[in-house]
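Written below as structure tokens is the structure these notes are about.
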Amino acid sequence: MSHEQYQSVIEALHECMEACNHCYDACLKEDNVAHMVDCIRLDRECADMCGFLEQALVRNTPFAKELASVCAQMCEACGNECKKHDHDHCQKCAEACFKCADACKSIA
């Protein structure tokens with residue numbers, strides 16, 4: 177099968193990775209960085225997983241379902257943490273994470 181079947185998931189993964197990376201960077205610049213530790217950690221892990229899964233889908237990994245399931249869990253965890261914070265970057269990240277989690281669930 178071709179990776180084109182996953183195109184909408186690949187796009188959601190890329191958007192989520194970008195949102196998480198932006199949120200990660202913005203959180204590091206917040207006044208109370210200690211309050212943002214969990215958000216920063218989950219942003220990094222989610223961005224890394226989304227980037228990995230995006231690449232894996234493009235190369236037609238035989239583990240698409242398994243990786244997508246884990247990625248959906250990570251995206252939901254990151255989204256749940258980000259939505260706790262009022263910062264615009266956190267709210268946008270949460271939105272991208274939940275969209276990506278839904279996309280991943282569609283192939284998991």
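Everything in the sequence shown is counted per my numbering, starting at 177 for the first residue and increasing by one.
By construction, the Cβ of each residue, glycine as well, lies at the ideal position given by its N, Cα and C atoms.
Residue i (DSSP reduced to helix, strand or coil)
{"i": "Q262", "result": "Per the sequence shown, residue 262 should be read as Asp rather than Gln. Looking at D262 - three-state DSSP - the assignment turns out to be coil, as it is neither helix nor strand."}
{"i": "S282", "result": "coil"}
{"i": "K205", "result": "coil"}
{"i": "F239", "result": "coil"}
Nearest to residue i (by Cα), restricted to the options the options
{"i": "R220", "options": "Q181, D278 and C251", "result": "C251"}
{"i": "C247", "options": "H265, K259, G227 and P238", "result": "G227"}
Neighbourhood of residue i by C-beta distance below 7 Å, restricted to the same chain and skipping five residues each side
{"i": "H190", "result": "E230"}
{"i": "L218", "result": "A253, C254 and E257"}
* Do three or more CB pairs link the region 194-211 to the region 262-282 at distances below 8 Å? -> Yes, the region 194-211 touches the region 262-282.
* Give a yes or no on contact between the region 233-251 and the region 202-217, applying the rule of three or more CB pairs nearer than 8 Å. => no
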